[in-house]
Amino acid sequence: MGKTILFSAVGGTDPISLNNLHDGSLLHICRWYKPDEVYLYMSKEMLEFQNQDDRYRYCINKLAESQNREIVIHEIERPELVNVQDFNYFYDDFKECLSEIIRNAGDAEILVNISSGTPAIKSGLLVLITLGELYCKTVQVITPTKSLNEHSHKEYDVEMLWELNEDNLPDSENRCKIVYCPSLSNIKQTEIIKQLVREYDYKAALSAAELLPEEATKSYLALLKIACARLQLDNRDLNAQVNQYQMSGFPVKGDDARKYFEYALALDIKRRRGEYGDFVRALSPILADLFEMVLYKECGINIRKYVEVKNRVPRWSPSLLCGTEVESILISSFSSFDYKAVSSIHILKIIENKCHNEKVINIVESLRQVEQEVRNIAAHEVVSVTEKMIKDTTGYSSQQVMNLVKEAFKYTNLNIRSEYWDAYDDMNDFIISRI
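Given below as C-alpha coordinates:
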(Lines of atoms letter the chains of each structure in order from A; the text may use other names.)
(Lines give C-alpha, C1' and ligand atoms only; values in the text may rest on other atoms or scores of the structure.)
Protein backbone atom coordinates (compact mmCIF):
# COMPACT_ATOMS: atom_id res chain seq x y z
CA MET A 7 0.00 0.00 0.00
CA GLY A 8 1.40 3.41 -0.97
CA LYS A 9 2.18 6.04 1.58
CA THR A 10 0.29 9.29 2.20
CA ILE A 11 1.89 12.72 1.96
CA LEU A 12 0.35 15.93 3.26
CA PHE A 13 1.24 19.37 1.92
CA SER A 14 0.05 22.13 4.23
CA ALA A 15 0.59 25.82 4.57
CA VAL A 16 0.76 26.77 8.23
CA GLY A 17 -2.01 29.11 9.38
CA GLY A 18 -2.93 31.23 12.35
CA THR A 19 -4.84 28.52 14.24
CA ASP A 20 -2.16 25.86 13.76
CA PRO A 21 -1.26 23.64 15.43
CA ILE A 22 -3.90 24.12 18.20
CA SER A 23 -6.31 27.03 18.47
CA LEU A 24 -5.74 29.10 21.58
CA ASN A 25 -9.36 30.29 21.37
CA ASN A 26 -11.28 27.00 21.16
CA LEU A 27 -8.70 24.40 22.29
CA HIS A 28 -9.14 22.20 19.22
CA ASP A 29 -6.83 21.05 16.45
CA GLY A 30 -6.00 23.53 13.77
CA SER A 31 -6.51 22.24 10.23
CA LEU A 32 -2.93 20.99 9.88
CA LEU A 33 -3.01 18.83 12.99
CA HIS A 34 -6.58 17.66 12.40
CA ILE A 35 -5.73 16.28 8.94
CA CYS A 36 -2.70 14.54 10.43
CA ARG A 37 -4.94 13.04 13.11
CA TRP A 38 -7.52 11.57 10.76
CA TYR A 39 -5.60 10.83 7.53
CA LYS A 40 -2.39 9.67 9.24
CA PRO A 41 0.10 10.88 6.61
CA ASP A 42 3.54 9.30 6.53
CA GLU A 43 5.14 12.59 5.55
CA VAL A 44 4.13 16.21 6.09
CA TYR A 45 5.42 19.24 4.20
CA LEU A 46 5.02 22.43 6.26
CA TYR A 47 4.96 25.63 4.20
CA MET A 48 5.82 28.55 6.49
CA SER A 49 5.80 32.29 5.88
CA LYS A 50 8.05 34.67 7.86
CA GLU A 51 5.50 35.00 10.69
CA MET A 52 4.79 31.26 10.98
CA LEU A 53 8.51 30.51 10.86
CA GLU A 54 9.07 32.87 13.78
CA PHE A 55 6.44 31.01 15.81
CA GLN A 56 8.10 27.72 14.94
CA ASN A 57 11.50 29.01 16.04
CA GLN A 58 10.05 30.22 19.35
CA ASP A 59 8.84 26.86 20.66
CA ASP A 60 8.95 24.25 17.86
CA ARG A 61 5.13 24.18 18.12
CA TYR A 62 4.30 22.62 14.75
CA ARG A 63 6.77 19.77 14.90
CA TYR A 64 6.09 19.29 18.61
CA CYS A 65 2.35 18.71 18.13
CA ILE A 66 2.77 16.56 15.03
CA ASN A 67 5.30 14.37 16.84
CA LYS A 68 3.08 14.14 19.95
CA LEU A 69 0.19 13.05 17.74
CA ALA A 70 2.36 10.46 16.00
CA GLU A 71 3.48 9.16 19.40
CA SER A 72 -0.15 8.81 20.55
CA GLN A 73 -0.92 6.85 17.37
CA ASN A 74 2.16 4.61 17.72
CA ARG A 75 3.71 5.68 14.45
CA GLU A 76 6.21 8.10 12.95
CA ILE A 77 5.67 11.11 10.74
CA VAL A 78 8.49 12.51 8.63
CA ILE A 79 8.33 16.32 8.70
CA HIS A 80 9.73 18.51 5.91
CA GLU A 81 9.90 22.26 6.39
CA ILE A 82 9.51 24.64 3.46
CA GLU A 83 10.74 27.93 4.86
CA ARG A 84 9.97 31.29 3.27
CA PRO A 85 11.59 33.87 5.64
CA GLU A 86 11.23 36.56 2.96
CA LEU A 87 7.46 36.04 2.70
CA VAL A 88 5.83 38.94 4.49
CA ASN A 89 2.97 39.84 2.15
CA VAL A 90 0.79 36.79 2.70
CA GLN A 91 -2.01 38.23 0.54
CA ASP A 92 0.02 38.05 -2.71
CA PHE A 93 -1.89 35.50 -4.80
CA ASN A 94 0.64 35.50 -7.65
CA TYR A 95 3.50 34.63 -5.31
CA PHE A 96 1.67 31.65 -3.85
CA TYR A 97 0.45 30.35 -7.20
CA ASP A 98 3.96 30.20 -8.64
CA ASP A 99 5.64 28.93 -5.49
CA PHE A 100 3.00 26.29 -4.73
CA LYS A 101 3.23 25.03 -8.29
CA GLU A 102 6.96 24.50 -7.97
CA CYS A 103 6.70 22.89 -4.52
CA LEU A 104 3.84 20.53 -5.34
CA SER A 105 5.29 19.53 -8.71
CA GLU A 106 8.53 18.47 -7.02
CA ILE A 107 6.68 16.56 -4.29
CA ILE A 108 4.54 14.73 -6.84
CA ARG A 109 7.57 14.00 -9.01
CA ASN A 110 9.31 12.24 -6.11
CA ALA A 111 6.22 10.67 -4.54
CA GLY A 112 5.90 7.55 -6.67
CA ASP A 113 2.49 5.99 -6.00
CA ALA A 114 1.90 7.97 -2.80
CA GLU A 115 -1.43 9.70 -2.20
CA ILE A 116 -1.00 13.47 -2.01
CA LEU A 117 -3.25 15.45 0.32
CA VAL A 118 -3.42 19.25 0.24
CA ASN A 119 -4.76 21.26 3.18
CA ILE A 120 -6.97 24.06 1.84
CA SER A 121 -8.16 25.31 5.24
CA SER A 122 -4.96 26.75 6.72
CA GLY A 123 -3.53 30.11 5.79
CA THR A 124 -4.73 33.37 4.30
CA PRO A 125 -7.36 33.66 1.55
CA ALA A 126 -4.54 34.13 -0.97
CA ILE A 127 -2.95 30.86 0.17
CA LYS A 128 -6.21 28.90 0.00
CA SER A 129 -7.27 30.30 -3.37
CA GLY A 130 -3.76 29.85 -4.76
CA LEU A 131 -3.89 26.14 -3.97
CA LEU A 132 -7.42 25.71 -5.34
CA VAL A 133 -6.72 27.56 -8.59
CA LEU A 134 -3.43 25.73 -9.08
CA ILE A 135 -5.06 22.32 -8.74
CA THR A 136 -8.03 23.36 -10.90
CA LEU A 137 -5.96 24.78 -13.76
CA GLY A 138 -3.05 22.38 -13.52
CA GLU A 139 -2.67 18.66 -13.88
CA LEU A 140 -1.68 18.08 -10.27
CA TYR A 141 -3.47 14.98 -9.04
CA CYS A 142 -3.99 15.73 -5.36
CA LYS A 143 -6.84 15.33 -2.92
CA THR A 144 -7.87 18.62 -1.37
CA VAL A 145 -8.95 18.45 2.28
CA GLN A 146 -11.12 21.00 4.02
CA VAL A 147 -11.47 21.13 7.80
CA ILE A 148 -14.61 22.56 9.35
CA THR A 149 -14.05 24.72 12.43
CA PRO A 150 -15.31 23.15 15.68
CA THR A 151 -17.57 26.17 16.24
CA LYS A 152 -18.85 26.01 12.60
CA SER A 153 -17.91 29.70 12.33
CA LEU A 154 -14.91 31.90 11.54
CA ASN A 155 -11.75 31.05 13.45
CA GLU A 156 -10.15 33.76 15.56
CA HIS A 157 -6.35 33.91 15.65
CA SER A 158 -4.39 34.53 18.82
CA HIS A 159 -0.76 33.80 19.64
CA LYS A 160 -0.27 35.71 22.89
CA GLU A 161 1.00 33.57 25.76
CA TYR A 162 1.00 30.49 23.54
CA ASP A 163 2.06 27.49 25.62
CA VAL A 164 2.25 24.61 23.19
CA GLU A 165 2.74 21.89 25.82
CA MET A 166 -0.23 23.05 27.85
CA LEU A 167 -2.39 23.40 24.74
CA TRP A 168 -1.54 19.85 23.73
CA GLU A 169 -2.76 18.58 27.09
CA LEU A 170 -5.95 20.68 26.88
CA ASN A 171 -6.66 19.87 23.23
CA GLU A 172 -10.23 18.53 23.12
CA ASP A 173 -9.54 16.68 19.86
CA ASN A 174 -7.34 14.32 21.88
CA LEU A 175 -10.47 12.94 23.54
CA PRO A 176 -11.54 9.49 22.25
CA ASP A 177 -14.97 10.66 21.05
CA SER A 178 -13.74 13.72 19.17
CA GLU A 179 -15.36 14.55 15.84
CA ASN A 180 -13.71 14.14 12.44
CA ARG A 181 -14.10 17.57 10.87
CA CYS A 182 -12.18 16.75 7.67
CA LYS A 183 -13.85 16.64 4.30
CA ILE A 184 -12.40 15.72 0.92
CA VAL A 185 -13.28 18.46 -1.57
CA TYR A 186 -13.34 17.33 -5.18
CA CYS A 187 -11.42 19.92 -7.17
CA PRO A 188 -11.60 19.12 -10.91
CA SER A 189 -8.87 20.26 -13.27
CA LEU A 190 -9.77 22.51 -16.17
CA SER A 191 -9.25 19.66 -18.63
CA ASN A 192 -11.60 17.51 -16.54
CA ILE A 193 -14.19 20.27 -16.60
CA LYS A 194 -13.94 20.47 -20.40
CA GLN A 195 -14.13 16.69 -20.67
CA THR A 196 -17.22 16.68 -18.47
CA GLU A 197 -18.96 19.20 -20.73
CA ILE A 198 -18.11 17.02 -23.73
CA ILE A 199 -19.63 14.01 -21.95
CA LYS A 200 -22.83 15.96 -21.30
CA GLN A 201 -23.06 16.92 -24.97
CA LEU A 202 -22.49 13.33 -26.08
CA VAL A 203 -25.31 12.22 -23.78
CA ARG A 204 -27.61 14.87 -25.29
CA GLU A 205 -26.70 13.47 -28.72
CA TYR A 206 -27.49 9.89 -27.57
CA ASP A 207 -23.87 8.83 -28.17
CA TYR A 208 -23.52 6.87 -24.96
CA LYS A 209 -20.62 4.72 -26.12
CA ALA A 210 -18.49 7.80 -26.83
CA ALA A 211 -19.63 9.39 -23.56
CA LEU A 212 -18.60 6.26 -21.67
CA SER A 213 -15.20 6.16 -23.38
CA ALA A 214 -14.62 9.82 -22.48
CA ALA A 215 -15.71 9.26 -18.88
CA GLU A 216 -13.37 6.31 -18.45
CA LEU A 217 -10.43 8.65 -19.14
CA LEU A 218 -11.30 10.75 -16.08
CA PRO A 219 -10.28 9.97 -12.49
CA GLU A 220 -12.61 7.53 -10.73
CA GLU A 221 -13.52 10.18 -8.16
CA ALA A 222 -14.84 12.42 -10.94
CA THR A 223 -17.18 9.84 -12.47
CA LYS A 224 -18.40 7.67 -9.60
CA SER A 225 -21.78 9.44 -9.57
CA TYR A 226 -22.62 8.65 -13.19
CA LEU A 227 -20.30 6.08 -14.81
CA ALA A 228 -22.70 3.22 -14.06
CA LEU A 229 -25.55 5.27 -15.56
CA LEU A 230 -23.67 5.61 -18.85
CA LYS A 231 -23.14 1.84 -18.91
CA ILE A 232 -26.88 1.33 -18.42
CA ALA A 233 -27.62 3.77 -21.27
CA CYS A 234 -25.17 1.93 -23.55
CA ALA A 235 -26.78 -1.41 -22.76
CA ARG A 236 -30.24 0.04 -23.29
CA LEU A 237 -29.46 1.40 -26.75
CA GLN A 238 -27.98 -1.98 -27.69
CA LEU A 239 -31.25 -3.58 -26.48
CA ASP A 240 -29.36 -5.51 -23.82
CA ASN A 241 -32.13 -5.80 -21.24
CA ARG A 242 -30.42 -8.28 -18.95
CA ASP A 243 -30.86 -7.16 -15.34
CA LEU A 244 -32.07 -3.78 -16.65
CA ASN A 245 -34.92 -3.44 -14.16
CA ALA A 246 -32.64 -4.21 -11.22
CA GLN A 247 -30.05 -1.67 -12.34
CA VAL A 248 -32.64 1.01 -13.07
CA ASN A 249 -34.21 0.46 -9.65
CA GLN A 250 -30.82 0.49 -7.95
CA TYR A 251 -30.06 3.98 -9.25
CA GLN A 252 -33.71 5.12 -9.29
CA MET A 253 -33.28 6.26 -12.89
CA SER A 254 -35.86 8.26 -14.77
CA GLY A 255 -36.87 7.48 -18.35
CA PHE A 256 -37.95 3.84 -18.04
CA PRO A 257 -41.76 4.04 -18.04
CA VAL A 258 -42.55 0.56 -19.40
CA LYS A 259 -41.85 -2.33 -17.04
CA GLY A 260 -43.57 -5.44 -18.49
CA ASP A 261 -41.21 -7.75 -20.37
CA ASP A 262 -43.21 -8.06 -23.61
CA ALA A 263 -44.28 -4.43 -23.74
CA ARG A 264 -40.77 -3.26 -22.90
CA LYS A 265 -39.21 -5.43 -25.61
CA TYR A 266 -41.22 -3.81 -28.40
CA PHE A 267 -41.23 -0.33 -26.91
CA GLU A 268 -37.46 -0.29 -26.34
CA TYR A 269 -36.88 -1.45 -29.91
CA ALA A 270 -39.05 1.39 -31.19
CA LEU A 271 -37.21 3.89 -28.98
CA ALA A 272 -33.86 2.68 -30.32
CA LEU A 273 -35.27 3.00 -33.83
CA ASP A 274 -36.15 6.62 -33.12
CA ILE A 275 -32.65 7.30 -31.79
CA LYS A 276 -31.20 6.13 -35.11
CA ARG A 277 -33.43 8.68 -36.82
CA ARG A 278 -32.51 11.47 -34.41
CA ARG A 279 -28.82 10.82 -34.93
CA GLY A 280 -29.19 10.91 -38.70
CA GLU A 281 -28.41 7.22 -39.12
CA TYR A 282 -31.07 6.91 -41.81
CA GLY A 283 -29.75 3.73 -43.40
CA ASP A 284 -29.85 1.93 -40.05
CA PHE A 285 -33.24 3.51 -39.37
CA VAL A 286 -34.95 2.13 -42.46
CA ARG A 287 -33.19 -1.24 -42.18
CA ALA A 288 -34.41 -1.58 -38.61
CA LEU A 289 -38.04 -1.03 -39.60
CA SER A 290 -38.77 -4.54 -40.87
CA PRO A 291 -38.02 -6.46 -37.65
CA ILE A 292 -40.57 -4.46 -35.71
CA LEU A 293 -43.25 -4.04 -38.38
CA ALA A 294 -44.26 -7.69 -38.54
CA ASP A 295 -44.59 -7.85 -34.75
CA LEU A 296 -46.34 -4.49 -34.63
CA PHE A 297 -48.82 -5.50 -37.33
CA GLU A 298 -49.43 -8.74 -35.47
CA MET A 299 -50.30 -6.85 -32.28
CA VAL A 300 -52.55 -4.45 -34.20
CA LEU A 301 -54.34 -7.39 -35.81
CA TYR A 302 -54.96 -8.96 -32.42
CA LYS A 303 -56.22 -5.74 -30.82
CA GLU A 304 -58.39 -4.54 -33.73
CA CYS A 305 -59.61 -7.84 -35.16
CA GLY A 306 -59.20 -10.37 -32.37
CA ILE A 307 -57.05 -12.59 -34.58
CA ASN A 308 -54.02 -14.23 -32.98
CA ILE A 309 -51.79 -15.46 -35.79
CA ARG A 310 -49.73 -17.49 -33.33
CA LYS A 311 -52.52 -20.04 -33.60
CA TYR A 312 -51.48 -20.60 -37.21
CA VAL A 313 -47.68 -20.57 -37.04
CA GLU A 314 -44.84 -22.80 -35.96
CA VAL A 315 -41.48 -21.40 -34.84
CA LYS A 316 -38.43 -23.03 -36.39
CA ASN A 317 -34.96 -21.72 -35.60
CA ARG A 318 -36.62 -18.72 -33.93
CA VAL A 319 -38.41 -17.84 -37.18
CA PRO A 320 -42.26 -17.97 -37.18
CA ARG A 321 -43.54 -19.86 -40.24
CA TRP A 322 -47.08 -20.46 -41.44
CA SER A 323 -48.22 -23.98 -40.62
CA PRO A 324 -50.25 -25.65 -43.42
CA SER A 325 -51.92 -27.94 -40.91
CA LEU A 326 -52.89 -25.13 -38.52
CA LEU A 327 -54.07 -22.86 -41.34
CA CYS A 328 -56.01 -25.55 -43.16
CA GLY A 329 -59.61 -24.51 -43.79
CA THR A 330 -59.42 -21.24 -41.85
CA GLU A 331 -60.50 -17.79 -42.98
CA VAL A 332 -56.93 -16.58 -42.52
CA GLU A 333 -55.74 -19.18 -45.04
CA SER A 334 -58.40 -18.08 -47.50
CA ILE A 335 -57.27 -14.44 -47.20
CA LEU A 336 -53.62 -15.36 -47.72
CA ILE A 337 -54.29 -17.61 -50.71
CA SER A 338 -56.55 -15.03 -52.38
CA SER A 339 -54.02 -12.25 -51.73
CA PHE A 340 -50.94 -14.14 -52.92
CA SER A 341 -51.15 -16.35 -55.98
CA SER A 342 -48.00 -18.19 -54.95
CA PHE A 343 -48.53 -18.31 -51.18
CA ASP A 344 -46.04 -20.92 -49.99
CA TYR A 345 -46.59 -21.17 -46.22
CA LYS A 346 -43.09 -19.92 -45.47
CA ALA A 347 -41.93 -17.25 -43.00
CA VAL A 348 -44.53 -14.83 -41.69
CA SER A 349 -43.96 -11.31 -43.05
CA SER A 350 -45.52 -7.90 -42.55
CA ILE A 351 -47.17 -8.03 -46.00
CA HIS A 352 -49.05 -11.19 -44.99
CA ILE A 353 -50.42 -9.56 -41.85
CA LEU A 354 -51.21 -6.37 -43.76
CA LYS A 355 -53.52 -8.31 -46.10
CA ILE A 356 -55.34 -9.87 -43.16
CA ILE A 357 -55.80 -6.42 -41.59
CA GLU A 358 -57.09 -5.00 -44.88
CA ASN A 359 -59.67 -7.78 -45.07
CA LYS A 360 -60.77 -7.91 -41.45
CA CYS A 361 -60.29 -4.44 -39.95
CA HIS A 362 -63.07 -1.87 -40.18
CA ASN A 363 -60.96 1.06 -38.95
CA GLU A 364 -59.76 3.00 -42.00
CA LYS A 365 -57.21 4.92 -39.95
CA VAL A 366 -55.56 1.71 -38.83
CA ILE A 367 -55.50 0.40 -42.40
CA ASN A 368 -53.91 3.64 -43.64
CA ILE A 369 -51.22 3.47 -40.95
CA VAL A 370 -50.17 -0.11 -41.66
CA GLU A 371 -50.33 0.39 -45.44
CA SER A 372 -48.13 3.48 -45.18
CA LEU A 373 -45.59 1.69 -43.01
CA ARG A 374 -45.48 -1.26 -45.37
CA GLN A 375 -44.94 1.15 -48.28
CA VAL A 376 -41.94 2.71 -46.53
CA GLU A 377 -40.54 -0.72 -45.70
CA GLN A 378 -40.87 -1.92 -49.27
CA GLU A 379 -39.65 1.17 -51.11
CA VAL A 380 -36.80 2.32 -48.90
CA ARG A 381 -35.54 -0.65 -46.95
CA ASN A 382 -34.94 -2.80 -50.01
CA ILE A 383 -32.81 -0.05 -51.59
CA ALA A 384 -30.79 0.44 -48.40
CA ALA A 385 -30.29 -3.29 -47.95
CA HIS A 386 -29.36 -4.27 -51.50
CA GLU A 387 -27.79 -1.23 -53.15
CA VAL A 388 -24.64 0.70 -52.28
CA VAL A 389 -26.29 4.04 -51.52
CA SER A 390 -26.21 6.61 -48.79
CA VAL A 391 -29.68 6.86 -47.30
CA THR A 392 -30.54 10.46 -46.55
CA GLU A 393 -33.53 12.34 -45.22
CA LYS A 394 -34.18 13.63 -48.74
CA MET A 395 -34.05 10.12 -50.19
CA ILE A 396 -36.65 8.89 -47.70
CA LYS A 397 -38.90 11.83 -48.48
CA ASP A 398 -38.48 11.57 -52.27
CA THR A 399 -39.03 7.81 -52.29
CA THR A 400 -41.96 7.49 -49.91
CA GLY A 401 -43.47 10.94 -49.63
CA TYR A 402 -42.80 10.82 -45.88
CA SER A 403 -40.02 12.38 -43.84
CA SER A 404 -38.24 10.18 -41.31
CA GLN A 405 -40.11 12.01 -38.56
CA GLN A 406 -43.42 11.22 -40.26
CA VAL A 407 -42.42 7.56 -40.59
CA MET A 408 -41.61 7.44 -36.89
CA ASN A 409 -44.92 9.11 -36.13
CA LEU A 410 -46.67 6.32 -38.03
CA VAL A 411 -44.88 3.76 -35.87
CA LYS A 412 -46.00 5.61 -32.75
CA GLU A 413 -49.57 5.75 -34.08
CA ALA A 414 -49.54 2.01 -34.74
CA PHE A 415 -48.59 1.41 -31.10
CA LYS A 416 -51.85 3.09 -30.08
CA TYR A 417 -53.76 0.22 -31.69
CA THR A 418 -52.04 -2.50 -29.66
CA ASN A 419 -52.60 -3.70 -26.11
CA LEU A 420 -49.26 -2.32 -24.91
CA ASN A 421 -50.74 0.88 -23.42
CA ILE A 422 -47.92 3.16 -24.54
CA ARG A 423 -48.75 6.72 -23.56
CA SER A 424 -47.60 9.62 -25.74
CA GLU A 425 -45.25 11.02 -23.08
CA TYR A 426 -43.40 7.69 -22.92
CA TRP A 427 -41.74 8.49 -26.23
CA ASP A 428 -39.60 11.10 -24.44
CA ALA A 429 -38.04 8.30 -22.38
CA TYR A 430 -34.49 8.75 -23.70
CA ASP A 431 -34.58 12.50 -23.10
CA ASP A 432 -35.85 11.88 -19.57
CA MET A 433 -33.02 9.41 -19.01
CA ASN A 434 -30.51 11.90 -20.44
CA ASP A 435 -31.73 14.62 -18.09
CA PHE A 436 -31.29 12.23 -15.18
CA ILE A 437 -27.74 11.28 -16.22
CA ILE A 438 -26.69 14.89 -16.84
CA SER A 439 -28.06 15.91 -13.45
CA ARG A 440 -25.61 13.43 -11.90
CA ILE A 441 -22.57 14.61 -13.88
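Residues in the sequence shown are numbered from 7 upward in steps of one, following the numbering used here.
The beta carbon of each residue, even a glycine, is placed where N, CA and C say it ideally should be.
For this session: Please state whether DSSP places Val300 in a helix, a strand or coil.
Result: Numbered from its first residue, the sequence shown carries residue 300 at position 294. Correct three-state label for Val300: helix.
Problem set entry | the region 262 to 276 / the region 421 to 428 touching (three or more Cβ pairs under 8 angstroms) | Output reads yes: the region 421 to 428 touches the region 262 to 276.
Problem set entry | Neighbourhood of Ala126 by C-beta, 7 angstroms cutoff - its chain only, sequence neighbours within 5 removed | Numbered from its first residue, the sequence shown carries residue 126 at position 120. Its chain contains Val90, Gln91, Asp92, Phe93 and Phe96 as the residues whose beta carbon lies nearer than 7 angstroms to that of Ala126, once the 5 sequence neighbours on both sides are disregarded; these appear in chain order.
Exercise. Considering only C-alpha positions, which residue in the set Arg37, Val88 and Lys200 is nearest to Val145?
Worked result: On the sequence shown, position 139 is the one that residue 145 refers to. Shortest Cα-Cα distance from Val145 to any of Arg37, Val88 and Lys200 involves Arg37.
For this session: Determine, using beta carbons only, whether Asp432 and Ser225 come nearer to each other than 8 angstroms.
Result: Stepping through the sequence shown from its first residue, residue 432 is reached at position 426. Stepping through the sequence shown from its first residue, residue 225 is reached at position 219. Between Asp432 and Ser225, the CB-CB gap reaches or exceeds 8 angstroms.
For this session: Express the C-alpha separation of Gln375 and Arg278 in angstroms, rounding to a whole number.
Result: As a position in the sequence shown, residue 278 is number 272, starting the count at 1. As a position in the sequence shown, residue 375 is number 369, starting the count at 1. Answer to the nearest angstrom: the Cα atoms are 21 angstroms apart.
Exercise. Do Tyr39 and Val16 have their CB atoms nearer than 8 angstroms?
Worked result: What you label residue 39 is simply residue 33 of the sequence shown in a count that begins at 1. What you label residue 16 is simply residue 10 of the sequence shown in a count that begins at 1. The criterion of a C-beta distance shorter than 8 angstroms is not satisfied by Tyr39 and Val16.
Exercise. My guess is that Thr223 and Cys187 are in contact by the Cβ rule of under 8 angstroms, so how many angstroms apart are they, rounded?
Worked result: One-based indexing of the sequence shown puts residue 223 at position 217. One-based indexing of the sequence shown puts residue 187 at position 181. Actually they do not touch by this definition, with Cβ atoms about 15 angstroms apart.
For this session: Label Leu154 either buried or exposed according to how many other C-beta atoms from any shown protein chain fall within 10 Å of its C-beta, with 16 as the threshold for buried.
Result: Locating residue 154 in the sequence shown gives position 148, counting from the first residue. With a pLDDT of only 46 at Leu154, under 50, the local geometry of the prediction cannot be trusted, and the value read off the model is given with reservation. Per the 10 Å Cβ criterion, exposed.
Problem set entry | Spatial distance of Val258 from Lys231 (CA atoms) | Position 252 of the sequence shown, counting from 1, holds the residue named residue 258. Position 225 of the sequence shown, counting from 1, holds the residue named residue 231. Going by the C-alpha atoms only, they are around 19 angstroms apart.
For this session: Could you tell me the distance, in whole angstroms, from the CA atom of Trp322 to the CA atom of Glu331?
Result: By 1-based counting over the sequence shown, the position of residue 322 is 316. By 1-based counting over the sequence shown, the position of residue 331 is 325. Trp322 and Glu331 have their alpha carbons spaced roughly 14 angstroms apart.
Exercise. How would you label Tyr426, buried or exposed, when you count the other beta carbons within 10 angstroms and need 16 or more for buried?
Worked result: On the sequence shown, residue 426 is found 420 positions in, with the first residue counted as 1. It counts as buried.
For this session: Tell me Lys143's beta-bridge partners as DSSP assigns them.
Result: Residue 143 sits at position 137 when you count from the first residue of the sequence shown. According to DSSP, which records beta bridges pairwise, Lys143 is partnered with Leu117.
For this session: Compute the Euclidean distance between the alpha carbons of Ser339 and Lys355, then round it to the nearest angstrom.
Result: Translated into positions along the sequence shown, residue 339 becomes position 333. Translated into positions along the sequence shown, residue 355 becomes position 349. Taking the straight line from one Cα to the other gives about 7 angstroms.
For this session: Kindly confirm or deny that the region 182 to 199 and the region 207 to 222 touch, where touching means at least three C-beta pairs closer than 8 angstroms.
Result: Yes, the region 182 to 199 touches the region 207 to 222.
Exercise. With distances taken from CA atoms, which of Ile116, Asp98 and Leu140 is nearest Val44?
Worked result: Here residue 44 refers to the residue found at position 38 when the sequence shown is read from its first residue. With distances taken between Cα atoms, Val44 lies closest to Ile116.
Exercise. Going by alpha carbons, who is nearest to Leu69 out of Pro150, Leu410, Leu167 and Cys305?
Worked result: As a working mapping, residue 69 is identified with position 63 in the sequence shown. Checked all of Pro150, Leu410, Leu167 and Cys305; the closest Cα to Leu69 is Leu167.
Exercise. To which residues of the same chain is Leu447 closer than 6 angstroms at the C-beta, ignoring the five residues directly before and after it?
Worked result: It is not possible to answer for residue 447, since the shown part of the chain is limited to 7 through 441.
For this session: Return the bridge partner residues of Pro320 from the DSSP annotation.
Result: Here the question's residue 320 lines up with position 314 in the sequence shown. Answer is Val315, bridged to Pro320.
Problem set entry | Separation of Ala210 from Leu488, as counted between CA atoms | No statement about residue 488 is possible, as the shown extent of the chain runs from 7 to 441 and does not include it.
Problem set entry | Cut-off 6 angstroms between Cβ atoms - residues of its own chain near Gly401, not counting five sequence neighbours on either side | For the purposes of this step, residue 401 is taken as residue 395 along the sequence shown, with counting starting at 1. Taken in chain order, the list of residues that qualify is empty.
For this session: Report the partner residues of Ser14 according to the DSSP bridge assignment.
Result: The sequence position of residue 14 within the sequence shown is 8, counting from 1. Looking at the DSSP output, Ser14 sits in a beta bridge with Leu46.
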